[in-house]
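Residue numbers (full-length UniProt numbering): 1 to 77.
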Amino acid sequence: TAKALHKLIELLPFGPQWKYQSIKIESPTKRGLQVFYRDAIECLQHLIHSPFNNGQIEFVPKKIYTTADHIQRTYTE
Numbered sequence: 001t002a003k004a005l006h007k008l009i010e011l012l013p014f015g016p017q018w019k020y021q022s023i024k025i026e027s028p029t030k031r032g033l034q035v036f037y038r039d040a041i042e043c044l045q046h047l048i049h050s051p052f053n054n055g056q057i058e059f060v061p062k063k064i065y066t067t068a069d070h071i072q073r074t075y076t077e
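Printed below as a string of structure tokens:
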């Protein structure tokens, strides 16, 4: 049920908190620009230290080939 799903979601660890900033812009709008964001450094630290990512994050690039003779290489992010 939806209630059971929400209980499971609440058990997950929370990431960095959302931050809010209102920016005044020179524009014919009634309100300023509202920006919601998370600190990128805090997000990276959370990902690196999360037990769910233990051994899953690679910091060294590696070459991936689609053929056994290493002729055709795959390029991804």
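Note that beta-carbon positions come from the ideal geometry of N, C-alpha and C, so glycine has one too.
Taking the continuous alpha helix (DSSP H) assigned at residue i, which residues delimit it?
i           : result
residue 131 : Here the chain has residues from 1 to 77 only, and residue 131 is not among them.
ILE9        : 2-11
Once the 5 residues before and after residue i are set aside, which same chain residues still bring their CB inside 7 Å of it?
i     : result
PRO16 : ARG38, ASP39, GLU42, CYS43 and HIS46
Which same chain residues, not among the five before or five after residue i, have their C-beta less than 6 Å away from its C-beta?
i     : result
TYR20 : PHE36
SER22 : GLY32 and GLN34
Since residue i contacts residue j with CB under 8 Å, what's their CB separation in whole angstroms?
i     : j     : result
THR66 : THR74 : 6 Å
ILE64 : ILE57 : Contact doesn't hold; Cβ gap of about 16 Å is too wide.
Report the rounded CA-to-CA distance for residue i versus residue j, giving the unit in angstroms.
i     : j     : result
LYS24 : ILE71 : 55 Å
LEU5  : GLY32 : 37 Å
GLU26 : GLN34 : 14 Å
PRO51 : PRO13 : 10 Å
GLU10 : ALA68 : 45 Å
PHE53 : PHE59 : Per the sequence presented here, residue 53 reads as Asn, with Phe not at that position. Spanning the two alpha carbons is a distance of roughly 13 Å.
TRP18 : THR29 : 25 Å
In the DSSP assignment, the beta strand (DSSP E) including residue i goes from what residue to what residue?
i     : result
LEU33 : 33-37
LYS24 : Where LYS24 is concerned, there is no enclosing beta strand (DSSP E), given that its DSSP letter is neither H nor E.
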